[in-house]
Every structure is written in C-alpha cells, then in structure tokens.
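J.:
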Amino acid sequence: MTSNWFVNMAYFVVAVVFILGLKAMASPVSARRGIVWAGFAMVGATVVTFFTPGLHNVGLMVLAIVLGGGVAWYSGKIVKMTDMPQMVAIYNGMGGGAAAGIAAIELVRGVPHDGVTSTLLALGAIIGAVAFSGSCVAFAKLQGLMTKAIRLRAQNNVNFFLTLATFGVGLTVAYADAPGGFEIFLFFALALALGVVLVMPIGGADMPVVISLLNAFTGLAVGFKGFVIGNPALIVAGIVVGASGMLLTQLMAKAMNRPIRNIIFTPLTGAAAEGG
Amino acid sequence: MDGFTALYIFMLAAFTGYEVISRVPVILHTPLMSGSNFVHGVVLIGAMVALGHADPEDPVQLAIGFVAVFLGAANAAGGYIVTERMLGMFKAGGRKQGGAQ
Chain A
1 MTSNWFVNMA YFVVAVVFIL GLKAMASPVS ARRGIVWAGF AMVGATVVTF
51 FTPGLHNVGL MVLAIVLGGG VAWYSGKIVK MTDMPQMVAI YNGMGGGAAA
101 GIAAIELVRG VPHDGVTSTL LALGAIIGAV AFSGSCVAFA KLQGLMTKAI
151 RLRAQNNVNF FLTLATFGVG LTVAYADAPG GFEIFLFFAL ALALGVVLVM
201 PIGGADMPVV ISLLNAFTGL AVGFKGFVIG NPALIVAGIV VGASGMLLTQ
251 LMAKAMNRPI RNIIFTPLTG AAAEGG
Chain B
277 MDGFTALYIF MLAAFTGYEV ISRVPVILHT PLMSGSNFVH GVVLIGAMVA
327 LGHADPEDPV QLAIGFVAVF LGAANAAGGY IVTERMLGMF KAGGRKQGGA
377 Q
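Line by line, the protein sequences give chains A and B.
Number 276 marks the last residue of the first sequence (our numbering); no jumps.
Number 377 marks the last residue of the second sequence (our numbering); no jumps.
1. So the candidates are A/A104, A/K80 and A/V48; which of them puts its Cα closest to the Cα of A/F182?
2. Counting only runs that start and end within the region 71–140 of chain A, where is the alpha helix (DSSP H) found for 4 or more residues in a row?
3. For A/D177, does the three-state DSSP call read helix, strand or coil?
4. Put A/G223 into one of helix, strand or coil per three-state DSSP.
5. Can you look up A/M256 in the DSSP assignment and give me helix, strand or coil?
6. Quick one: using the 10 Å Cβ neighbour count with 16 as the cut-off for buried, is A/W37 buried or exposed?
7. Determine whether the Cβ of A/K225 lies closer than 8 Å to any Cβ atom of chain B.
8. Taking beta-carbon pairs under 9 Å, can you tell me which members of the region 248–267 of chain A lie near chain B?
9. Against chain B, which members of the region 56–72 of chain A pass a CB distance test of less than 7 Å?
10. Report the option in A/A26, A/P232 and A/A31 whose CA atom is closest to the CA atom of B/A282.
11. Taking 8 Å as the limit between beta carbons, can you name the residues of its chain near A/G110, skipping five residues before and five after?
12. Let's see if you can read the secondary structure: which residues bound the alpha helix (DSSP H) around B/R299?
13. Would you decide whether B/A376 is buried or exposed? Buried here means 16 or more other CB atoms lie within 10 Å of its CB.
14. If we define contact as Cβ-Cβ less than 8 Å, is A/T23 a contact residue for chain B?
15. Give, in chain order, every residue of the region 349–363 of chain B whose Cβ lies closer than 8 Å to some Cβ of chain A.
16. Once DSSP output is grouped into helix, strand and coil, what is the label at A/R32?
17. Starting from B/L308, trace the alpha helix (DSSP H) both ways and give me its first and last residue.
18. Give the residues of chain A in contact with B/P301, contact being defined as C-beta atoms less than 9 Å apart.
19. Quick one: is B/G279 buried, meaning 16 or more other Cβ sit within 10 Å of its Cβ, or exposed?
20. Cα separation between A/F310 and A/L145?
21. Exposed or buried, which one is A/Y91 when buried takes at least 16 other CB atoms within 10 Å?
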C-alpha cells in the first residue's frame, strides 16, 4: 500500500512537471529548460513504475526499454538536422503503436470492462493504430522512400467504408466477453490500413501539419489508454498533448495560409472535381 | 476510476493543453510539436504496466507487451533527443552567430 501511494504521488508530480515543461517550451527564452525538465520527469516516471505492486516480466521490460530507448536515442543523435521532421513522425508513430499495443494486450487478456471503458479502449486502439501507420507513411514520404501521392479511385468512399468497418469491428471486439484472436487481428489490420489510406494521398509539403495532427491523435490515444488502465498521469499528459496538438495543428496550418480542412481533404475534393 | 471524475480530468486537461500553448511564436511550432511528441512518450509507463500484468505463460501477450514497451521507450527517448537537439541548435545559433545565419 505504501509503495502504491509513493508511485501515485510520483505520477502526480510527473504530470505537473510535464505541463510546466510544455509551458516553458512555448517561449523561446525557456524552451531548452522545458525539455530538460520534462526529460527528468520521464526518467522519474519510468523508474517509479518498476515499484508498482504486482508487476511481472520485469526482465523482459528492462530489455525492451534498453533496446527501444537505445535504438531511438542513437538514431535521433546521428540524424541530420534537415531530416528532423520525419524523425518526429516515426517516434510519434511508435507512441501510437505503443498505445495500440496496450489495447491489444487488454483485449487478448479479455479483462471485462464497463461500457465507457470498452468504448475508450476501442477508440484509443483505433486512434493509436491510425497514428502508427499514418506516421510510418509520413516518414516514408519525407524520407523519399515514397515520392508520389497515391490516390485511390473513389478515395472518398474507401475512406468512409474503411472507417465504418474499423469502428464496427472495434466496438464489437471491445464489447465482446471473450473476443477471438481472429477478430482482434482483423480489427488492428483494419485500423492500420485506415491510417495508410488516410495519409497516402497527402503531398509532402503538407506533411508537417499532418504529423502535428497525428501527434495530437497519439496524445488522445494515450489519454484514452490512461482511462482504460486507470493511470491519471497518462490521462493528463495524453489529453494535454491532444488538446495542445490540435491547437498547434491549426496554428501551423494558419502559418502556411492553408485551412486544415484543405490539407486533409484536398485529395477528396480533387477526386470529386475529376469525377464531375 | 469514477466515470465523472475521469470526465472532469479530461475537461481540465484539455483546457490546460489549449492554454499552455495558445500564444506560441511561429518559430517554435516544430520544436513544440516535437516536445509534445516527447511528452506523450509517457505511454511507456502504460505499456510497462500492461506488460507487467500480462500472463507470463502466454507468449502472445508477452510479445505484444514487449513490442509496446519497445515502441514506448523509443517514442520517449527519440522524442527527447530530437527536441533537445532542435532547441539546442536554435539557442546556439542565436547566441554565437549573432543572427548571421
């Protein structure tokens, strides 16, 4: 019990420091200080989590942290300054993937949840998976691995029906008492495909705005996962990033003199114009 | 957690996020995006808890959990180093070159 109180108190402090860090990052004078504070908070949060009561698989956990952290740290260190935006995209996608992974574990374990939690579980899984695959496409485009904006025929309808199918399967799986392995697999396959299909038609010049939007999405997904696993630090950090990310996306679109709707839906109106 | 408490936390956090960056200069847009990307790397602790509660006998759960922790750690570490480099460059550029660049 004592250790639980200690862990929760530490998470509270971490959440406060994250908000202060973001606040500091919003001003040129204190921006550098902001990221360093947030960095200490993150290390603190990670260390403290090991003291959560009843934790298994600690060895595997340490291995995953060392590998994931090491690979990302090294790649972030050596990358050229001009290639930064795609690195932000890929790290963001990884966060989304982690959020989707948490949802996948919850589904495979088949822990019963109440209605609201099940809905948030499905939503977080969809948003996280979309952010993951969407960010991978954004990375591929900026890295020059994928040079053409690929537009499907009837992109509009594909987007619509894929979204519908993803949400349908997702909610069915989340509300099921013991979802089968195939349904869970199908759900994540659909959600990942949705991310690819949504980002694929968007041109490279608009990518920073799209990455910012996906970043906000990941924030929301993380916040929803916070509700599902009952961790307020995740809720606060996730939702704060979700809200500030949405605002930031609008500001970036405005700075480019392009309404956000045009960026995300231009391919659709373009396709419609061709058709009509 | 009580549903309404969660709803209130959600609402307050959303306003906080909005307020925190409402007056940000254009030059900080990209670093701030990167910074908030780092902050949602806190998903790492969620992934750790999920892996920690996974059934040690079930390889599927362990594999998903391992991937989730790996991705979460990469999000946090990569987000930090990229943001730190961006902000570091911008400060050094302003000071040393005296606006020459």
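Glycine included, every Cβ here is placed at the ideal spot set by N, Cα and C.
Bear in mind the structure is a predicted one, so any value in this text is a computation, not a measurement.
T.: From the atom records:
1. Taking the first sequence and counting its residues from 1, one reaches residue 182 of chain A at position 182. Among A/A104, A/K80 and A/V48, the Cα nearest to that of A/F182 is on A/A104.
2. Runs of the alpha helix (DSSP H) inside the region 71–140 of chain A: 84–109.
3. Counting from one through the first sequence, the residue named residue 177 of chain A turns up at place 177. In the structure shown, A/D177 sits in coil (DSSP, three-state: anything other than H, G, I, E or B).
4. Here residue 223 of chain A refers to the residue found at position 223 of the first sequence. Under the three-state reduction of DSSP output, A/G223 falls in the helix class.
5. Taking the first residue of the first sequence as 1, we reach residue 256 of chain A at position 256. Residue state, collapsed to three classes: coil.
6. The sequence position of residue 37 of chain A within the first sequence is 37, counting from 1. Classification for A/W37: buried.
7. Position 225 of the first sequence, counting from 1, holds the residue named residue 225 of chain A. Look at A/K225: its C-beta is under 8 Å from a C-beta on chain B.
8. Answer in chain order: L248, T249, L251, M252 and A255.
9. Look at the region 56–72 of chain A: the residues with a C-beta under 7 Å from a C-beta of chain B are H56, N57, L60, M61, A64, I65, L67, G68, G69, V71 and A72.
10. Your numbering for residue 282 of chain B matches position 6 in the second sequence. Answer by Cα proximity: A/P232.
11. In the first sequence, the residue the question calls residue 110 of chain A occupies position 110. Within the same chain, A/G110 has close Cβ partners D177, A178 and P179.
12. Residue numbering aside, residue 299 of chain B sits at position 23 when the second sequence is read from its first letter. No alpha helix (DSSP H) holds B/R299; DSSP gives it neither H nor E.
13. Here residue 376 of chain B is taken as the residue at index 100 of the second sequence, counted from 1. Reliability fails at B/A376, whose pLDDT of 39 lies under 50, so the model's placement of it is uncertain and the value that follows must be treated cautiously. That one is exposed.
14. Here residue 23 of chain A refers to the residue found at position 23 of the first sequence. Going by the sequence as given, residue 23 of chain A is Lys instead of Thr. Yes, A/K23 counts as interfacial toward chain B.
15. Against chain A - using a Cβ distance shorter than 8 Å - the residues of the region 349–363 of chain B are A349, A350, N351, A352, A353, G354, G355, Y356, I357, V358, T359, E360, R361, M362 and L363.
16. Taking the first residue of the first sequence as position 1, residue 32 of chain A is located at position 32. Correct three-state label for A/R32: helix.
17. Counting from 1 along the second sequence, the entry for residue 308 of chain B is found at position 32. Counted as a single uninterrupted DSSP element, the alpha helix (DSSP H) harbouring B/L308 occupies residues H305 to V315.
18. The residue you call residue 301 of chain B lines up with position 25 of the second sequence. Those are A26, S27 and P28, listed as they occur along chain A.
19. For the purposes of this step, residue 279 of chain B is taken as residue 3 along the second sequence, with counting starting at 1. Burial call: exposed.
20. Beyond the ends of chain A as shown, which are 1 and 276, falls residue 310 of chain A; an answer cannot be given.
21. Residue mapping note: residue 91 of chain A aligns to position 91 of the first sequence, counting from 1. Counting the other Cβ atoms within 10 Å of the Cβ of A/Y91 gives 16 or more, which makes it buried.
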